[in-house]
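This report refers to the structure that appears directly beneath it.
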Amino acid sequence: MKEHKVKNLYSGVRGTSVKILNRIVKTDAYLDKLLDAEMADTELSSKDKALLFEIVHGVIRWMLRLDWILTGFYKGQFSKAIPDVKNALRVALYQILFLDKIPEYAAINESVEFVKRLQGKKAADLTNAILRNILRNKDNIRFPDKDSDKISFLSSYYSHPVWLVKRWLKQFDEEFVIELMKSNNKRPKLHLRVNRLKTTSEELTDLIKSVEITFTKGRYFDEYIELVNMSNITDWEYFKKGYFNIQDEATGFSIKLLDVKPGDRVLDMCSAPGGKTSFLAAEMENKGEIIALDLHESRIKALEKNLARLGVENVKTEAVDTLKFKTEEKFDKILADVPCSGSGTIPKKPDIKWKRSLSDFYEMPKTQFRILEKGASLLKTGGELVYSTCSIDKEENYGIIEKFLSKYSNFELVDASCKFDKNIVNSNGCVEIFPHIHGVDGAFAAKIKKIK
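Numbering (the working numbering), first residue to last: 168 to 619.
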């Protein structure tokens, strides 16, 4: 009964948006999982689901700019406002500033009514006054002075945490950082990888045309298709039949760099949920053997379900701590797609900006290096390993490779320019991808070979 009452209180697109935002701010829950659960458990129409997706992603994407503006108009401390009020204000302001098709009065009225339902008339009147005051003055909103307080300006205007702006400015020049943040705040495209174990690029594109979804071919690989809108593609029968996987095209670089062949013995060290594992299997034409590891049994089960959907037959899974994995027979090829900050995936996962902290960048490289060491110990002489991340941070990327090569003289770096164009490969011979330059998720991949 209590759960039903909560559902009624948080009904509709705006109410559901506030409910999700409350949970993101108060818990460790991630946006994509909360949205997936809500989409499955709601009676909203497809159009309303799309609006829900847009609002929640938009508020998370622009939260710091929204909060800067609301702080200036809120009587008292906005940071201490009741979560329902705070997020109702964010939802309304996002619609006012960024969604042209929704009338401003409608965005205000719906948020006011929502707050009134949950918090009463006084809170609703306050919400109404703040939003109408912003509406009257929205062309005169001021941000920190760019010359005297550059970090605060960049942080609030482009909606990225101060610590992250500072970190990036130490690694890249200012123009690069600004363009990167702009790209992070754009609505992302959705990429599909054609599953060649079940179909061809030609057949899948014909099927997509038949349901009138707008698409373009992949930028870098024939296996990829880019959709113009984030459709509810997982409901399509051909997803269930395993004709494709939802997977950013940046994933292709680490797989193509590893260059597996049918008959290889391959280790995927951090495999769940299985996107890269299934790509490896397709490259191997389901021949040979892939050992796929993940620490958690629940993630292994999800991986196995995904592999079954995609028709993968040459994978053996094991729920084990990668660092404790043991085997008598060593591997021809190893993929070490390590846990990372995910800083290259902010366009699709904007909550990463707020979930990560500076301490993550001190702790993660320690684990990343240990995984690389472990993988290297499992390679045959002459075998190759690709170390990859979905991060753009130098310490997580070439910093790890440089440290490894200085410690182990029996390995050498394989120059990735033998596989990819120069605009994909950095001066160190590693794949380095940035969202604002390459139009896909940020990523890094380096290939090392055991020479003795």
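Every residue gets a Cβ at the ideal spot worked out from N, C-alpha and C, and that includes glycine.
Keep in mind that this is a model prediction, so the values were computed, not measured.
Annotation: Thr-444 to Leu-359 spans about 15 angstroms, alpha carbon to alpha carbon.
Fewer than three pairs of CB atoms, one per stretch, sit closer than 8 angstroms, so the region 242-256 makes no contact with the region 200-215. In this structure the region 434-452 touches the region 465-478; the number of beta carbon pairs closer than 8 angstroms is three or more. Secondary structure at Asp-215: helix, using DSSP grouped into helix, strand and coil. DSSP lists Glu-393 as the beta-bridge partner residues of His-358.
When the five nearest sequence neighbours on each side are left out, the beta carbons in the same chain lying within less than 6 angstroms of the beta carbon of Lys-186 are those of Tyr-177, in order along the chain. Per DSSP, the beta bridge partners of Glu-579 are Lys-616.
With a minimum length of 4 residues, the unbroken runs of alpha helix (DSSP H) contained wholly in the region 221-287 fall at 230-240, 250-265 and 271-286. Around the beta carbon of Gln-262, 16 or more other beta carbons lie within 10 angstroms, which makes this residue buried.
In the pairwise beta carbon analysis, the region 409-420 is classified as touching the region 382-395: at least three pairs are separated by under 8 angstroms. Here the region 551-569 lies against the region 597-609, with 3 or more beta-carbon pairs under 8 angstroms apart. In this structure the region 531-544 touches the region 496-510; the number of beta carbon pairs closer than 8 angstroms is three or more. Checking the DSSP bridge columns, you'll see Lys-500 partnered with Val-433 and Glu-551. Per DSSP, the continuous alpha helix (DSSP H) segment holding Ile-519 begins and ends at 519-522.
Judged by DSSP in its simplified three-state form, Glu-540 adopts helix. Between the beta-carbon of Cys-597 and that of Pro-506 there is about 19 angstroms, and that puts the pair past the 8 angstroms contact cut. Beta-carbon to beta-carbon, Asn-481 and Gly-441 are separated by about 13 angstroms, too far to satisfy the 8 angstroms threshold.
Selection Ile-618, Phe-320, Trp-521 and Leu-425 evaluated against Glu-579 yields Ile-618 as nearest (Cα-Cα). Under the three-state reduction of DSSP, Phe-611 is assigned to strand. Of Leu-572, Lys-242, Val-607 and His-605, the smallest CA-CA separation from Asn-595 is found for Leu-572. In the DSSP assignment, Thr-489 falls outside any beta strand (DSSP E) and carries neither an H nor an E. The region 300-311 makes no contact with the region 325-334: fewer than 3 CB pairs, one atom from each, lie closer than 8 angstroms. Lys-454 is a Cβ neighbour of Gly-430, given a cutoff of 8 angstroms. A distance of 8 angstroms or more separates the beta carbons of Lys-384 and Pro-514.
Ala-217 and Ser-184 have their C-alpha atoms roughly 12 angstroms apart. In this structure, Val-180 and Leu-219 form a Cβ contact; the two beta carbons are roughly 5 angstroms apart against a cut-off of 8 angstroms.
By alpha-carbon distance to Arg-537, the top candidate from Cys-585, Asp-488 and Glu-496 is Asp-488. With contacts defined as CB atoms closer than 8 angstroms, Val-553 and Ala-459 fail to qualify as a contacting pair. Nearest to Ala-439 by C-alpha distance, out of Tyr-410, Lys-337 and Arg-466, is Arg-466. If you draw a straight line from the Cα of Ala-290 to the Cα of Glu-342, it comes to about 42 angstroms. In this model, Lys-288 and Val-279 are separated by some 9 angstroms (Cα to Cα). Membership of Val-598 in the beta strand (DSSP E) is indicated by the continuous run 598-600. Contact annotation, Asn-399 with Asn-362: C-beta distance approximately 19 angstroms; criterion of less than 8 angstroms not satisfied. Taking the C-beta atoms as reference points, Leu-256 is found no nearer than 8 angstroms to Ile-227. Of Phe-492, Arg-386, Thr-381 and Gly-409, the smallest CA-CA separation from Leu-434 is found for Phe-492. As DSSP reads the structure, Thr-556 sits in a beta bridge with Phe-611.
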